[in-house]
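Q: Encoded as C-alpha cells, here's the structure I'll be asking about.
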Amino acid sequence: MVPRLRSLECELPQDEDLSLIHERLREAAQLILKTEDEPGRRLHIERLKKDICIYRDKLYVHGVATEIVENVECLASLLTKYKRVLIVE
-16 MVPRLRSLEC ELPQDEDLSL IHERLREAAQ LILKTEDEPG RRLHIERLKK DICIYRDKLY
44 VHGVATEIVE NVECLASLLT KYKRVLIVE
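Counting along the sequence shown from 1, when you hit position 86 you're at 69 in the numbering used here, and nothing is skipped either side.
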C-alpha cells in the first residue's frame, strides 16, 4: 500500500507538538541520508520509526482523518520493510 497523494492536501491541525515531531521526522530522514556508517544509519532509522509512531498517535488524538493516520502507518511499515536497503552502503 502506497500513501495517497491527496494526503498532502489534508488540513492538519495547528499544534506545537505536531510541528515539533514533524521537524524531528525531517531531521531524522536527513540524518539517514547523510550518515555513512551502518550503526549510525540504524540508529537514525530506529529514531525515525519511533517518531513516526508518535506522530501517528498524535494525529489520531487530534481527530485527523483515518485515511491520513493509515498513510502514516504505511510509511512506518515501508521503513521497516526496506530498512536493509537504507542501511547498506
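Just so you know, even glycine gets a beta-carbon here, dropped at the ideal spot from N, CA and C. Here the structure is a predicted model, which is why all the values come from computation and not from measurement.
V52 by DSSP, collapsed to three states: which one?
A: It is helical.
Q: DSSP three-state call for T63: helix, strand or coil?
A: Three-state result, T63: helix.
Q: If you drop the 5 nearest sequence neighbours on each side, which residues of the same chain put their C-beta closer than 7 angstroms to that of K66?
A: If we look at K66 and ignore the five residues flanking it on each side, its Cβ neighbours are I28.
Q: Which residue comes first and which comes last in the alpha helix (DSSP H) that contains D0?
A: From DSSP, the alpha helix (DSSP H) with D0 extends over E(-1) to K17.
Q: Can you list, in chain order, the residues of its chain with a C-beta nearer than 8 angstroms to that of I15? Leave out the 5 residues immediately preceding and following it.
A: Answer for I15: R24, H27, I28, L31 and L69, listed in chain order.
Q: Considering just the uninterrupted stretch of the alpha helix (DSSP H) at H45, what are its terminal residues?
A: H45 -> no alpha helix (DSSP H), and no H or E assigned at all.
Q: Using the Cα positions of D20 and Y43, report the straight-line distance between them to the nearest angstrom.
A: About 35 angstroms.
Q: I'd like to know whether the C-beta atoms of L1 and Y38 end up nearer to each other than 9 angstroms.
A: Cβ distance < 9 angstroms, so L1 and Y38 count as in contact.
Q: How should M(-16) be labelled, buried or exposed, when 16 other C-beta atoms within 10 angstroms of its C-beta is the threshold for buried?
A: Low local confidence applies: a pLDDT of 45 at M(-16) is under 50, so the model's placement there is unreliable, with the coordinate-based value given in what follows. By the neighbour-count rule (16 or more Cβ atoms within 10 Å), M(-16) is not buried but exposed.
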